[in-house]
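Participant:
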DNA sequence: AATGAATGAGTATTCATTCAT
DNA sequence: GATGAATGAATACTCATTCAT
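Protein chains in written order, with this note's numbering: chain A, 1 to 219; chain B, 1 to 219; chain C, 1 to 219; chain D, 1 to 219.
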């Protein structure tokens, strides 16, 4: 109606995607809050300001919705980290590959400790729900692959450039890095208050630095 | 006594604790397999070779059962690790505090990768289920406290004895260590096959060693 | 309209309220028959010709359903009594306030003894279930308030008009009247056959008449 | 042991009956509090300071226990009323049959309003639970028979002695009287606070007096 | 596209009862 | 006589999914 002039009439696709975004936002909230099983489709629809039936209508099934959520959350976190690294680069000037890794890890933990988005918590929750052997969230496995690849690429680049020692295995260190940040993040949820987050961040950075930096001249 | 040979004359107390152990075994199995929510009390009772009602009868509620399971699993894992360390000590002779840490971590991962007990998987699953903010398994928080304490004590002892560098914070490194092994273990579940477990173990050992070992003479 | 002949084209709202009425009918039946506790939601759904899950779907909880039932039953009984009084008025002509009370009580008992509707029995059953101290059916308390008010208004009107003696307390007589009809109705259920219902009706009428009528000239 | 001397060693029968009394006390409490269905045998055993299994052991089934409770409660209330009437007789001197009825009713309500014993509440609760048509507590029907008989005997005696008018039906008035006190008592439970108990007692007395007293000479 | 009515399977929990000690 | 372990049926409530509107 009155949307005629400047406001670009929303296409079907856009309207669809608006609904979907709202639903995924609500899902992230609720999954972060209650876990996957207790985040009912009805509650997701309602928190999104829509009907109880909309989630099924859009995603077909709960599994599909969670899959989509996992994917979107991973993208979203990736973006935050890239943005953070970019900020660091502008502040500090050039960063070696090792520095990139350290900064990335640190930014992830900083965001997670200080100002976690629902997506971040939701992704962790979804990860946690994959531990049972009969469980599988296809989106998670894919997210891991992407993540491993990113770390491994960085490590290998650093090895070529000399900022990372050459005798380490990039693949297993990718697992180690992702495991460390996920594990530390997961622990901080239960033990909030017990853990001094700044010190933990420092320790992670120091530990990775010690492990990845080229060996100093040892006599 | 009145214990006529091998006759199944058990006292009430014996029957009770036998039942409980059987139920906890079954619960560990099923929780590891399906997760907490999908491990129904009925299925636990039946897998224990008993009735559907027995779990509630014994533990009063599902939460209480999970609590008990978490505690027992933590104890059980602790024991495995102590036994493994003991074996290592007998094989290698004296171990420094740093070595103790490295060996412990390695043994945990070895067991987890190669021959995980239901308890170990179950504990990880229970941990994963604590990620939602509204969730809480009292037993987990306690298990963490015990675990942190163990690592921190080791680190501090090592610092006094000189096998661990003095300028690190024992508490935050405890979080890091537990986070690392939990996180790596969790990842290995989803990405079994992707991850070369031996290399990951080596990387963890190397990384911790680099971080904790007293600094070599740097020029 | 779009209401094609008698076709079962019902709007959502119509379907909803039809379902609810059917469920409340079934609930009245079953509560009257078995009591609240033994009238399971599943049985109510099924007797209503619907699924086991429908009662919860509509009313949210069993308590809410019972509440609604109590309210509806009270309304329904009220209506029967009003209709009965109206019939009496048409038959006999003008009725004094005292007569209104006597006729109302008599009609209630007549219906209850001779041709009780499920609602009437159900309301009595619900009332009986409020006797335990920890129990409460909010709908009942409200039903009582309405009922007391009705009787008290009548009494006071009669006192002003002179058909009821002035020295009685309208509130406590309201309790007495409601207590009497409820109590007598309740007894008649257990002792059906023992009690000659016509005589009891007469006795109630006589007793109330003697108590409420203006004092005759006593020498 | 030390019970040897004066303390009469308890016979089996006595011990049995001690246990039973304790169980019935506990049952009265719990039934009054929660209703029959929610007063579990286990809770009764435990409140009696015994084991969960004792109630079944003694009474065989829950129904049998409730039966026994109903019987004992009725006896107990009867005794209170007799005692109260006795007190009144000593205080006021001779009482006509009409006075006996009025005093009995008044005492019942007084006890119920001011200082109800668990038995009294329990009996009312049990009565309430007999309203569903498929329900039956054999003890209640018997209690009613005894009660009706008592009132009817009194009325007939009064009619012969001239203290009660001759043209009323003793049986239906028995129902009326018991219904009135039960009904008023039942209402007072839900509407405690709404009801001015003293005024209600007065109204009951006045109403019965007006109904039963020999007709004054009406011109 | 969107709503929400309806379904039915699943689950924790309660509880009377049985039975071994 | 007394205990309490064990059973299994019953039941309120949750929730993904289907389908009519």
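Heads up, the beta-carbon is just placed ideally off N, CA and C, and yes, glycines get one too.
#1: Output needed for residue 165(A): all residues of its chain with C-beta closer than 8 Å, excluding positions within five of it in sequence on either side, in chain order.
#2: Which residues in chain B have a C-beta closer than 8 Å to the C-beta of residue 180(A)? List them in chain order.
#3: For residue 42(B) and chain A, any beta-carbon pair shorter than 9 Å?
#4: Do residue 144(C) and residue 261(D) have their beta-carbon atoms positioned less than 9 Å apart in this structure?
#5: Let me know if residue 221(A) comes out buried or exposed under the rule of 16 or more other beta-carbons within 10 Å of its beta-carbon.
#6: Over the uninterrupted alpha helix (DSSP H) stretch that includes residue 55(D), give me the two end residues.
#7: Near residue 6(D), which residues of its chain fall below 8 Å by C-beta distance, leaving aside the five closest residues on each side in sequence?
#8: Does DSSP classify residue 104(D) as helix, strand or coil?
#9: Whole angstroms are fine: how far does the CA of residue 136(C) sit from the CA of residue 75(C)?
#10: Pull up the distance between the alpha-carbon of residue 68(A) and that of residue 116(A), whole angstroms please.
#11: Applying the criterion that 16 or more other CB atoms from any shown protein chain within 10 Å of the CB defines a buried residue, is residue 153(D) buried or exposed?
#12: Give the residues of chain D in contact with residue 34(C), contact being defined as C-beta atoms less than 9 Å apart.
#13: Looking at chain D, is there any beta carbon in it that lies within less than 9 Å of the beta carbon of residue 171(C)?
#14: I believe residue 101(B) touches residue 84(B) by the beta-carbon criterion, under 8 Å. Please report the beta-carbon distance rounded to the nearest angstrom.
#15: Can you list, in chain order, the residues of its chain with a C-beta nearer than 6 Å to that of residue 96(C)? Leave out the 5 residues immediately preceding and following it.
#16: So, are the CB atoms of residue 24(B) and residue 65(B) less than 9 Å apart?
#17: For residue 144(D), return the contacting residues in chain C, with the cut-off set at a CB-CB distance below 8 Å.
#18: Please determine, among 199(C), 161(C) and 80(C), the residue with the shortest C-alpha to C-alpha distance to residue 175(D).
#19: Out of 47(C), 11(C) and 37(C), state which residue places its alpha-carbon closest to the alpha-carbon of residue 22(C).
#20: Given residue 181(D), which residues of its chain have a CB within under 7 Å of its CB, disregarding the five upstream and five downstream residues?
#21: Could you compute how far the alpha carbon of residue 218(B) sits from the alpha carbon of residue 90(A)?
#22: Of all Cβ atoms in chain D, is any one closer than 9 Å to the Cβ of residue 107(C)?
#23: Check whether the Cβ atoms of residue 139(D) and residue 183(C) lie closer than 9 Å to each other.
#24: Going by beta-carbon coordinates alone, are residue 169(B) and residue 188(A) separated by less than 9 Å?
#25: Residue 206(C) touches chain D at which residues, Cβ-Cβ below 8 Å?
#26: Exposed or buried, residue 235(C), counting other C-beta atoms within 10 Å across all chains shown (16 or more means buried)?
#27: With a threshold of 9 Å between beta-carbons, can residue 162(C) be considered close to chain D, or not?
#28: What residue range does the alpha helix (DSSP H) around residue 171(A) cover?
#29: Compare the C-alpha of residue 192(D) against each of 131(C), 87(C), 20(C) and 156(C) and name the closest.
#30: Three-state secondary structure (DSSP) at residue 215(A)?
#31: Closer than 9 Å, CB to CB, is residue 84(A) near chain B or not?
#32: Leaving out five residues on either side along the sequence, give the residues of the same chain with a beta carbon under 8 Å from the beta carbon of residue 171(B).
#33: I believe residue 119(C) touches residue 77(C) by the beta-carbon criterion, under 8 Å. Please report the beta-carbon distance rounded to the nearest angstrom.
#34: Can you give me the Cβ contacts of residue 53(D) inside the same chain, cut-off strictly under 7 Å, excluding the 5 residues immediately before and after it?
#35: Taking the alpha-carbon of residue 17(D) as reference, which of 63(D), 72(D), 205(D) and 103(D) has the nearest alpha-carbon?
Facilitator: The answer reads as follows:
#1: 159, 212, 213, 214 and 215
#2: 176, 179, 180, 183 and 184
#3: no
#4: Not covered by the structure: residue 261(D). The range shown for chain D is 1 to 219.
#5: Outside the displayed range of chain A (1 to 219) lies residue 221(A), so it cannot be described from this structure.
#6: 54 to 59
#7: Residue placement at residue 6(D) cannot be trusted, given a pLDDT of 47 that sits under 50; what the coordinates show is reported in the next sentence. Beyond the five residues adjoining it in sequence on each side, residue 6(D) comes within less than 8 Å, by CB distance, of no other residue in the same chain.
#8: helix
#9: 19 Å
#10: Going from the Cα of residue 68(A) to the Cα of residue 116(A) covers about 20 Å.
#11: exposed
#12: 132, 133, 134 and 135
#13: Yes, contact with chain D.
#14: Rounded, the Cβ-Cβ distance is 13 Å, inconsistent with contact.
#15: 163
#16: Yes; because the gap between Cβ atoms is below 9 Å, this pair is in contact.
#17: 187, 190, 191 and 194
#18: The candidate whose alpha carbon is nearest that of residue 175(D) is 199(C).
#19: 47(C)
#20: If you ignore the 5 residues before and after residue 181(D), its C-beta comes within less than 7 Å of the C-beta of 105, 108 and 109, all in its own chain and listed in chain order.
#21: Low confidence applies to residue 218(B): its pLDDT is 48, below 50, so where it sits in the model is not reliable, and the reading given next is rough at best. Rounded to whole angstroms, residue 218(B) to residue 90(A) spans 31 Å at the Cα level.
#22: no
#23: A distance of 9 Å or more separates the beta carbons of residue 139(D) and residue 183(C).
#24: no
#25: 168 and 211
#26: Lying outside 1 to 219, the shown extent of chain C, residue 235(C) is not represented and no answer is given.
#27: no
#28: 170 to 190
#29: 131(C)
#30: coil
#31: no
#32: 148 and 152
#33: Confirmed, about 6 Å.
#34: 45
#35: 72(D)
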